[in-house]
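Residue numbers (the numbering used here): 78 to 353.
Beta carbons: idealized from backbone N, C-alpha and C, even for Gly.
Bear in mind the structure is a predicted one, so any value in this text is a computation, not a measurement.
The next block holds one structure in the form of C-alpha cells; read it before the comments.
In C-alpha cells:
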C-alpha cells in the first residue's frame, strides 16, 4: 500500500467544496462542450487552477472519471475543472486538443468570477488525457490546435503539467494492438506519418516547455513505461523542470484504487503548489 499524506505542508480547507455541474464552456462540432467546476470552501481571489482531462483511449470516458481529483485538490485551495471533449468516434484529431484548449481559455476568461489567477493554470490528465495534457502544454501558439470553440480572445497557455501513464508518441503501425487501434481511430484512416508526428507530445519538447511531472506504473502493458521515460529524458536534455514517479509493479490505470488515487492527488498538490 502506498504512503500518502494529502496536501503535506498544505492546509486542508474546512467546509464543503462547491460543485458546478454541466457548465457550458464552449462549442465543438456543433454541440455544447460541458465541464464540472470545483470551488474551494473558502471564497478567495487569485487562486491557482487545475484542469483535469479524462482518459479512455480518446474513444470513451467522461469528465466524471477524475471527479475525485477535483474534489481533493479543491479542498486544498485549487479551483478545479473536469472537462468533456469530443471523442474519436465523433471527431478525429485535432478536435480533442481544440476542446481541451477551449476549456483552458474558459478558465482564463472567467478568472474573476471563479476567483482564480489567470496566470496560474495547470493541467493534469490520465492516459489519453495525459497525452492531451502534454499537448496542451506546448501547442497554445498553433491555431490548428486552438479551434474556435469559445473564449478565443484569451490564451490557452498553462504554467505546469502532470501526465499520468500518458502515450507520448502516437505511432502509425501495421500490426495493431488495442492501443495502436486507438491511435488509428484518433487520427483517422487518411492520416499520414507527419500527422502522427504532429500529434506526438515528444516532438514538442523545447527549452520553453513548462514544468512537468510524469507518473507511470512499471508494468503498464497498455502504455509502456518507456513513453514516460523517453519524455522525461528529453525534458532533462532541454534542462526543463521535470520529475518522473514510477510505481513499482503497477499496471495501467492503477490509480483507480483509492489509496493510489490519494497518493497521486498528494503528488499533484505538491507539484502544482510549487509551480503555480
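| Roughly how many angstroms lie between the CA atoms of residue 351 and residue 220, to the nearest whole one? | Position 274 of the chain shown holds residue 351. Position 143 of the chain shown holds residue 220. Each residue's alpha carbon lies about 30 Å from the other.
| For residue 242 versus residue 293, is the C-beta distance shorter than 7 Å? | Numbered from its first residue, the chain shown carries residue 242 at position 165. Numbered from its first residue, the chain shown carries residue 293 at position 216. The answer is yes: Cβ separation under 7 Å.
| task | Answer with buried or exposed for residue 335, where buried requires no fewer than 16 other C-beta atoms within 10 angstroms of its C-beta. | result | Counted from its first residue, the chain shown places residue 335 at position 258. Residue 335 comes out exposed.
| task | Please classify residue 173: is it buried, with 16 or more other beta-carbons within 10 angstroms of its beta-carbon, or exposed? | result | As a first step, residue 173 is located in the chain shown; it is residue number 96 there, counting from the start. Label assigned to residue 173: buried.
| request: Could you tell me whether any Cβ in chain D is nearer than 7 Å to the Cβ of residue 131? | output: The structure shown contains no chain D, having only a single protein chain.
| request: Let me know if residue 203 comes out buried or exposed under the rule of 16 or more other beta-carbons within 10 Å of its beta-carbon. | output: In the chain shown, the residue the question calls residue 203 occupies position 126. Its Cβ being crowded by 16 or more others within 10 Å, residue 203 is buried.
| query | Cα-Cα, which of 119, 99, 167 is closest to residue 265? | reply | Position 188 of the chain shown, counted from the first residue, corresponds to residue 265. The candidate whose alpha carbon is nearest that of residue 265 is 167.
| message | Give me, in chain order, the residues of the same chain whose beta-carbon lies closer than 6 Å to that of residue 155; leave out the 5 immediate sequence neighbours on both sides. | response | Working through the chain shown from its first residue, we reach residue 155 at position 78. Taken in chain order, the residues that qualify are 125, 127.
| query | So residue 152 and residue 117 are in contact, right, with Cβ under 8 Å, and what is the actual spacing, rounded? | reply | As a working note, residue 152 is residue 75 in the chain shown. As a working note, residue 117 is residue 40 in the chain shown. Indeed, because the Cβ distance is near 7 Å, the residues count as touching under 8 Å.
| request: Between the Cα of residue 356 and those of 272, 179, 163, spot the shortest distance and give me the residue it belongs to. | output: For the chain, the structure presents residues 78 to 353; residue 356 sits outside this window and is missing.
| Looking only at DSSP bridge pairs, what is residue 160 linked to? | Taking the first residue of the chain shown as 1, we reach residue 160 at position 83. DSSP lists 112, 130 as partners of residue 160.
| query | If residue 224 and residue 122 are in contact, beta carbons under 8 Å, what's the gap, nearest whole angstrom? | reply | In the chain shown, counting from the first residue as 1, residue 224 sits at position 147. In the chain shown, counting from the first residue as 1, residue 122 sits at position 45. About 30 Å; that fails the 8 Å criterion.
| According to DSSP, residues forming a beta bridge with residue 320 | Taking the chain shown and counting its residues from 1, one reaches residue 320 at position 243. Answer is 290, bridged to residue 320.
| field | Distance CB(residue 77)-CB(residue 210) smaller than 7 Å | value | Limits of the chain in this structure are 78 at one end and 353 at the other, which puts residue 77 out of reach.
| request: Look up residue 235 in the DSSP assignment and say whether it is helix, strand or coil. | output: Against the chain shown, residue 235 aligns to sequence position 158. Three-state result, residue 235: coil.
| query | In or out: residue 248 buried (at least 16 other Cβ within 10 Å) or exposed? | reply | The count along the chain shown starts at 1 and reaches residue 248 at position 171. Residue 248 comes out exposed.
| task | Out of 142, 103, 272, 349, state which residue places its alpha-carbon closest to the alpha-carbon of residue 171. | result | Counting from 1 along the chain shown, the entry for residue 171 is found at position 94. Taking only the C-alpha atoms, the option nearest residue 171 is 272.
| query | Can you name the start and end residues of the alpha helix (DSSP H) that residue 177 belongs to? | reply | Within the chain shown, residue 177 is the residue found at index 100, counting from 1. Unbroken alpha helix (DSSP H) run through residue 177: 172–186.
| Based on Cα-Cα distance, which residue from 90, 92, 113, 132 lies nearest to residue 259? | Counting from one through the chain shown, the residue named residue 259 turns up at place 182. Closest option to residue 259, Cα to Cα, is 132.
| request: May I have the straight-line CA-CA distance separating residue 102 from residue 201, to the nearest angstrom? | output: Position 25 of the chain shown holds residue 102. Position 124 of the chain shown holds residue 201. One C-alpha to the other measures close to 18 Å.
| said: Could you tell me the alpha carbon to alpha carbon distance between residue 354 and residue 312, rounded to whole angstroms? | reply: With the chain represented from 78 up to 353, any question about residue 354 goes unanswered, as that position is not in the structure.
| request: Starting from residue 206, follow the alpha helix (DSSP H) in both directions and report where the run begins and ends. | output: Locating residue 206 in the chain shown gives position 129, where the first residue counts as 1. Counting along the chain, the alpha helix (DSSP H) containing residue 206 begins and ends at 205–213.
| field | Assigned exposure category for residue 91 - 16 Cβ within 10 Å defines buried | value | Along the chain shown, read from residue 1 onward, the residue named residue 91 stands at position 14. So residue 91 ends up on the exposed side.
| message | Taking the alpha carbon of residue 105 as the reference point, which residue from 234, 135, 162 has its own alpha carbon closest? | response | The sequence position of residue 105 within the chain shown is 28, counting from 1. Looking at the Cα atoms, 162 is the closest of the given residues.
| field | CB-CB length for residue 326 against residue 296, believed under 8 Å | value | By one-based count along the chain shown, residue 326 stands at place 249. By one-based count along the chain shown, residue 296 stands at place 219. Right, the Cβ-Cβ distance comes to about 6 Å (below 8 Å), so this counts as a contact.
| query | Within 10 angstroms of its Cβ, does residue 165 collect 16 or more other Cβ (buried), or is it exposed? | reply | Translated into the one-based positions of the chain shown, residue 165 becomes position 88. By the 10 Å Cβ count, residue 165 comes out buried.
| query | Which residues in the same chain as residue 50 place their Cβ atom closer than 8 Å to its Cβ, once the five residues preceding and following it in sequence are excluded? | reply | With the chain represented from 78 up to 353, any question about residue 50 goes unanswered, as that position is not in the structure.
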